[in-house]
Amino acid sequence: MSPGKIVIAGGSGFLGQAVADHLSDLGYEIVILSRSASGSKYKNVQWDGKSQGAWSSELDGAEAVINFSGANIAKAWTPKYQQVLASSRIEPTDAIGKTISDSVNPPKLWINGSAIGYYGDSGDQSLSEASASGEGFMGELCVKWERAQEEWVTPKTRKIAIRTGVVLSPDGGALQQLSKITKAFLGGHVGSGEQYMSWIHLEDYCRIVEWMLKTDIHGPINATAPNPATNKEFMSELRKALGRPPIAPPAPEAVFKLACSVMGLEPTVILQGQRVFPIAAQANGFRFLYPDLDEALDNLLDDAPDAWRK
Numbered sequence: 002m003s004p005g006k007i008v009i010a011g012g013s014g015f016l017g018q019a020v021a022d023h024l025s026d027l028g029y030e031i032v033i034l035s036r037s038a039s040g041s042k043y044k045n046v047q048w049d050g051k052s053q054g055a056w057s058s059e060l061d062g063a064e065a066v067i068n069f070s071g072a073n074i075a076k077a078w079t080p081k082y083q084q085v086l087a088s089s090r091i092e093p094t095d096a097i098g099k100t101i102s103d104s105v106n107p108p109k110l111w112i113n114g115s116a117i118g119y120y121g122d123s124g125d126q127s128l129s130e131a132s133a134s135g136e137g138f139m140g141e142l143c144v145k146w147e148r149a150q151e152e153w154v155t156p157k158t159r160k161i162a163i164r165t166g167v168v169l170s171p172d173g174g175a176l177q178q179l180s181k182i183t184k185a186f187l188g189g190h191v192g193s194g195e196q197y198m199s200w201i202h203l204e205d206y207c208r209i210v211e212w213m214l215k216t217d218i219h220g221p222i223n224a225t226a227p228n229p230a231t232n233k234e235f236m237s238e239l240r241k242a243l244g245r246p247p248i249a250p251p252a253p254e255a256v257f258k259l260a261c262s263v264m265g266l267e268p269t270v271i272l273q274g275q276r277v278f279p280i281a282a283q284a285n286g287f288r289f290l291y292p293d294l295d296e297a298l299d300n301l302l303d304d305a306p307d308a309w310r311k
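Residue numbers for the sequence shown follow the numbering used here, beginning at 2 and rising by one.
Pasting the structure below:
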């Protein structure tokens with residue numbers, strides 16, 4: 002017998018697919034809300050991310066709804082794209098909130114996306130869920146994003162804002178790009194290298210979501226490993242894991258910004274950082290399989306395509 006239905010908005014994306022597969026393996030029935038009419042191996046229900054529709058009935062009686070909707074933050078944050086980043090997060094949150102508030106039999110849990118960008122560019126300050134929000138575009142966006150969830154009154158539905166760190170996966174994402182650079186003997190630190198990267202192994206990320214389903218915790222939760230690394234430390238460990246020389250040429254900030262400008266990427270994502278700790282998860286019984294970066298990288302690269310590693 003299935004332990005329940007999980008509805009995932011943004012389920013066709015990188016994190017959504019991984020979480021869907023993990024929860025499906027545990028026996029949950031998976032429903033994907035997507036802007037496309039097909040493309041998922043699970044039940045796919047179309048929505049536009051902002052309006053009520055046939056999809057709304059999928060939330061009735063569900064164990065949980067998980068919202069991963071949001072445009073890619075790696076693209077350059079032009080004024081126009083900042084509007085896209087905001088609307089692609091807040092509009093789906095409001096659509097889900099209205100559906101839950103109108104439902105007679107709403108889902109037991111609503112996990113909504115957020116990010117550790119909530120804390121802004123925070124230097125080496127140790128950050129927990131109780132830390133204040135930071136300045137800058139991403140900090141302000143995350144505040145609005147979380148507030149959009151908080152403002153909906155859902156007495157029958159527990160709410161969590163999952164503040165996601167840098168998720169490391171053998172299937173792509175940041176690790177793939179950094180591995181390609183390092184493989185080419187260019188894997189030095191970026192800028193000062195002192196900015197923190199609060200990372201998490203994909204398997205632990207999926208396990209945190211599973212843990213959220215099985216506890217009564219609510220509020221913001223940091224989804225990061227307990228041992229964040231500076232950019233300099235991260236690249237050093239990656240060079241070691243890939244069998245590359247211990248020293249590689251760094252990328253000065255000005256050069257990196259120029260390269261990002263040419264490629265249409267946002268340099269802030271790499272040049273700024275946060276030293277985040279998963280205090281709430283650990284205090285409430287969650288145990289990481291991969292708390293240390295070296296073990297996480299070894300495991301991930303063992304599962305990665307050969308083209309990454311050779």
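Where a beta carbon is used, it is the ideal one built from N, C-alpha and C, also for glycine.
Unbroken beta strand (DSSP E) run spanning Thr100, endpoints: Segment 80 to 103 is the alpha helix (DSSP H) holding Thr100; no beta strand (DSSP E) there.
Which first and last residues belong to the beta strand (DSSP E) in which Ala162 is found? 159 to 165
Alpha carbon of Ser35 to alpha carbon of Gly17, nearest angstrom: 11 Å
Find the nearest neighbour of Gln196 within the set Gln126, Lys181, Leu243, judged by alpha-carbon distance. Gln126
Burial state of Leu266 (16 or more Cβ within 10 Å): buried
By Cβ distance below 6 Å, which residues in the same chain neighbour Val210 in space, the five residues on each side in sequence not counted? Val20
Can you check DSSP and say which residues form a bridge with Asn68? Ala10, Asn113
Of the residues Glu152, Gly166, Tyr29, the one placed nearest Met2, counting alpha carbons only: Tyr29
Which class does Asn73 belong to by DSSP, given the choice of helix, strand or coil? coil
State the CB to CB distance for the pair Asn228 and His190, rounded to an integer number of angstroms; the pair is presumed to be in contact (CB under 8 Å). Between His190 and Asn228 the Cβ distance is about 18 Å, and since that is not below 8 Å, they are no contact.
Within the continuous alpha helix (DSSP H) that includes Val32, where are the two ends? Not the alpha helix (DSSP H): Val32 falls in the beta strand (DSSP E), residues 30 to 35.
Alpha carbon to alpha carbon, how far is Thr225 from Gly62? 30 Å
May I ask you to list the residues that DSSP assigns as paired with Thr225? DSSP lists no partner for Thr225.
Element boundaries [beta strand (DSSP E), containing Asn45]: 44 to 47
Can you give me the start and stop residues for the beta strand (DSSP E) that Ile209 sits inside? Per DSSP, Ile209 belongs to no beta strand (DSSP E); it is in the alpha helix (DSSP H), 203 to 215.
Proximity to Phe278 [Cα-Cα], best of Pro247, Gly174, Thr165, Glu296: Thr165
Just verifying my parser: in three-state terms, what is the DSSP assignment at Gly274? coil
Hey, is the region 113 to 120 in contact with the region 168 to 183, meaning 3+ C-beta pairs nearer than 8 Å? no
Would you say Ser129 and Ile280 are within 7 Å of each other, going by their C-beta atoms? yes
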